[in-house]
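Residues 0 to 426 (numbering that gives the first Met the number 0) are what the sequence shown spells out, left to right. All C-beta atoms in this analysis are idealised placements derived from N, C-alpha and C, irrespective of residue type, glycine included.
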Amino acid sequence: MPRYCVIGAGAAGVSALHELRAAGHEADCFEKTDRVGGHWHTDYDALHLITSRDMTHFEDFPMPGEYPHFPRRDQVRAYIESYAEERGLYDVIQFDTAVESVTPVPTEGPVGSAGWVVTTSRGTGTYDGVLVANGHLWDAKIPDVPGEFTGKQLHSSEYSNTDDIEGTRVLVVGAGNSGCDLAVDVAQHRLEADIVVRDGRYFQPKMYFGRPRQQLDFLAEFSPSEQDLIARLLARVSIGENKDYPGLPVPKHRSLAEGATVVNDLLLYWIHHGRVTVRPGIERFDGRTVHFADGTSRDYDTILWATGFHASVPFLDESLLRRQREVPVRYGAGIVPEGLEKLYFIGLIAPRGPQIPIYGVQAKVVARMIGLHERVGGAGAGIAAYLGSLQEPEDRIDIVRDVWLGQLADTERLLDALEHQPATVAG
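See below:
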């Protein structure tokens with residue numbers, strides 16, 4: 000009987016494992032740590048969901064009603080653990096087992112069409128397909144800056160709380176959701192917090208009218224572009240505009256969809272209270288002195304880098320992946336890597352909004368693709384090539400949800416066609 004491999008037991012991995020088993024497929028799951036939950040075990044203490052409890056859950060498995068609207072990191076971790084236990088996944092996951100390499104079985108057909116050899120710290124096995132759910136929030140990215148900073152430096156992935164900070168003057172570099180969280184955490188602990196914000200971006204509060212922003216039911220009556228406009232208008236009347244906050248650059252784009260959006264109004268609160276100061280881009284370091292693009296400079300004790308992550312797949316030979324903007328090129332709503340058959344990414348795309356439900360949707364699509372492979376045999380080995388010939392390549396991780404939903408609908412349509420004309424996918 001065909002057997003499949005899931006790499007990683009974070010939220011994406013356990014969702015993929017459950018959906019495979021629910022579809023009747025045999026599967027192994029390898030997790031390099033001793034627990035499920037992925038980065039929810041190691042992220043900073045101040046982390047909360049930025050999407051609401053009632054919208055951020057696995058299918059048919061809501062978060063506990065006693066959770067707050069925006070659960071803490073430890074609550075999300077416990078929720079993922081309870082899902083894995085309820086679905087009987089602990090007996091399937093092989094913990095403390097690192098995947099060292101994933102290589103295609105040699106064949107004259109398309110790469111991967113004969114399956115994949117997976118080598119772990121405990122042994123080697125051959126699988127009919129591999130679902131990669133190793134996450135994209137672990138390989139820290141820190142930009143090169145001229146000069147040398149002699150104070151303490153931490154990436155956001157290394158930061159737990161303000162006990163990790165040396166001194167009292169802190170510079171946070173990066174103004175995404177994590178960077179803003181870190182600046183707020185520093186400010187709330189009465190330390191001096193500066194934050195580097197190079198580009199203008201829109202800010203959105205978590206709540207409108209006492210309800211989570213994703214749960215404003217009346218917005219469903221409007222088109223995506225109208226929803227975008229309404230969200231900007233609501234933000235303007237509730238928290239103002241960037242120009243109302245000293246140092247915040249004004250967005251050059253008109254819509255939320257065109258650029259990064261930050262779901263955090265506490266940063267704005269602390270800017271107005273003088274606990275957070277906005278700085279422009281960094282030009283160079285000189286000891287503990289940071290020189291900024293506007294000609295100003297200041298000494299700092301600690302720098303917190305909230306500058307993102309590399310989309311790393313360390314167990315896969317890089318020659319197998321084509322990358323654009325450092326991200327593997329994929330088709331099929333971000334699932335299928337270009338030119339590789341029977342290998343699938345779960346969670347390497349982040350449609351804006353709740354993420355946990357996305358993993359289950361992706362896993363169901365993969366289960367459907369696997370069913371096609373098994374039903375049509377060798378003819379099914381060309382699904383990746385088939386999608387690649389009919390869809391535009393995708394190199395984004397952050398993507399507007401409606402754009403991704405369009406990609407998903409197109410992929411489902413093409414799979415419908417495959418089910419009726421399997422011969423068209425012959426490798």
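Distance, residue j Cα to residue i Cα
{"i": "residue 268", "j": "residue 93", "result": "45 Å"}
{"i": "residue 258", "j": "residue 250", "result": "8 Å"}
{"i": "residue 212", "j": "residue 174", "result": "21 Å"}
{"i": "residue 417", "j": "residue 146", "result": "56 Å"}
{"i": "residue 2", "j": "residue 21", "result": "14 Å"}
{"i": "residue 312", "j": "residue 186", "result": "36 Å"}
{"i": "residue 372", "j": "residue 110", "result": "14 Å"}
{"i": "residue 125", "j": "residue 352", "result": "36 Å"}
{"i": "residue 354", "j": "residue 55", "result": "7 Å"}
{"i": "residue 17", "j": "residue 306", "result": "33 Å"}
{"i": "residue 324", "j": "residue 183", "result": "30 Å"}
{"i": "residue 366", "j": "residue 129", "result": "11 Å"}
{"i": "residue 252", "j": "residue 227", "result": "12 Å"}
{"i": "residue 6", "j": "residue 290", "result": "43 Å"}
{"i": "residue 162", "j": "residue 413", "result": "52 Å"}
{"i": "residue 304", "j": "residue 152", "result": "7 Å"}
{"i": "residue 264", "j": "residue 240", "result": "11 Å"}
{"i": "residue 293", "j": "residue 157", "result": "29 Å"}
{"i": "residue 274", "j": "residue 266", "result": "9 Å"}
{"i": "residue 359", "j": "residue 195", "result": "36 Å"}
{"i": "residue 378", "j": "residue 393", "result": "For residue 378, the pLDDT reaches just 46, beneath the cut-off of 50, and the residue's location in the model is therefore unreliable, although a value from the coordinates is still provided. Roughly 25 Å separates the two Cα atoms."}
{"i": "residue 271", "j": "residue 41", "result": "31 Å"}
{"i": "residue 336", "j": "residue 131", "result": "11 Å"}
{"i": "residue 222", "j": "residue 61", "result": "27 Å"}
{"i": "residue 139", "j": "residue 403", "result": "26 Å"}
{"i": "residue 104", "j": "residue 127", "result": "10 Å"}
{"i": "residue 225", "j": "residue 237", "result": "18 Å"}
{"i": "residue 88", "j": "residue 261", "result": "35 Å"}
{"i": "residue 81", "j": "residue 363", "result": "21 Å"}
{"i": "residue 78", "j": "residue 219", "result": "28 Å"}
{"i": "residue 389", "j": "residue 319", "result": "21 Å"}
Residues bridged to residue i [DSSP beta-bridge criterion]
{"i": "residue 62", "result": "For residue 62, which the question treats as bridged, DSSP gives no partner whatsoever."}
{"i": "residue 57", "result": "60"}
{"i": "residue 393", "result": "329"}
{"i": "residue 354", "result": "Looking at the DSSP assignment, residue 354 forms no beta bridge with any residue, so it has no partner."}
{"i": "residue 342", "result": "129"}
{"i": "residue 119", "result": "98, 122"}
{"i": "residue 164", "result": "Its beta-bridge partners do not exist; DSSP assigns none."}
{"i": "residue 360", "result": "Answer is none; residue 360 lacks a bridge partner."}
{"i": "residue 296", "result": "290"}
{"i": "residue 170", "result": "193, 302"}
{"i": "residue 315", "result": "101"}
{"i": "residue 336", "result": "329"}
{"i": "residue 68", "result": "For residue 68, which the question treats as bridged, DSSP gives no partner whatsoever."}
{"i": "residue 138", "result": "309"}
{"i": "residue 322", "result": "327"}
Under 8 Å between C-beta atoms of residue i and residue j
{"i": "residue 38", "j": "residue 12", "result": "no"}
{"i": "residue 116", "j": "residue 106", "result": "no"}
{"i": "residue 340", "j": "residue 408", "result": "no"}
{"i": "residue 72", "j": "residue 44", "result": "yes"}
{"i": "residue 202", "j": "residue 234", "result": "yes"}
{"i": "residue 164", "j": "residue 190", "result": "yes"}
{"i": "residue 395", "j": "residue 326", "result": "yes"}
{"i": "residue 33", "j": "residue 95", "result": "yes"}
{"i": "residue 310", "j": "residue 347", "result": "yes"}
{"i": "residue 172", "j": "residue 299", "result": "no"}
{"i": "residue 344", "j": "residue 100", "result": "no"}
{"i": "residue 349", "j": "residue 406", "result": "no"}
{"i": "residue 51", "j": "residue 69", "result": "yes"}
{"i": "residue 197", "j": "residue 280", "result": "yes"}
{"i": "residue 308", "j": "residue 24", "result": "no"}
Extent of the continuous alpha helix (DSSP H) to which residue i belongs
{"i": "residue 79", "result": "72-85"}
{"i": "residue 415", "result": "400-419"}
{"i": "residue 433", "result": "What the structure shows of the chain is the stretch from 0 to 426, and residue 433 is not part of that stretch, so it cannot be assessed."}
Residue interval of the beta strand (DSSP E) (run including residue i)
{"i": "residue 126", "result": "122-126"}
{"i": "residue 303", "result": "301-304"}
{"i": "residue 6", "result": "2-6"}
{"i": "residue 503", "result": "Absent from the structure is residue 503, since the part of the chain shown begins at 0 and ends at 426."}
{"i": "residue 260", "result": "260-262"}
{"i": "residue 275", "result": "275-278"}
{"i": "residue 430", "result": "No information on residue 430 is available, as it lies outside the stretch 0 to 426 that the chain covers here."}
Min CB distance residue i to chain C below 8 Å
{"i": "residue 361", "result": "Here there is only one protein chain, and chain C is not present."}
- Task: Scan the stretch 9-54 and note each continuous beta strand (DSSP E) run of 3 residues or more that stays entirely inside, going in chain order.
- Result: 25-29
* To do: Entirely within the stretch 176-246 and at least 3 residues each: give me those beta strand (DSSP E) ranges in chain order.
  => 191-195, 201-203
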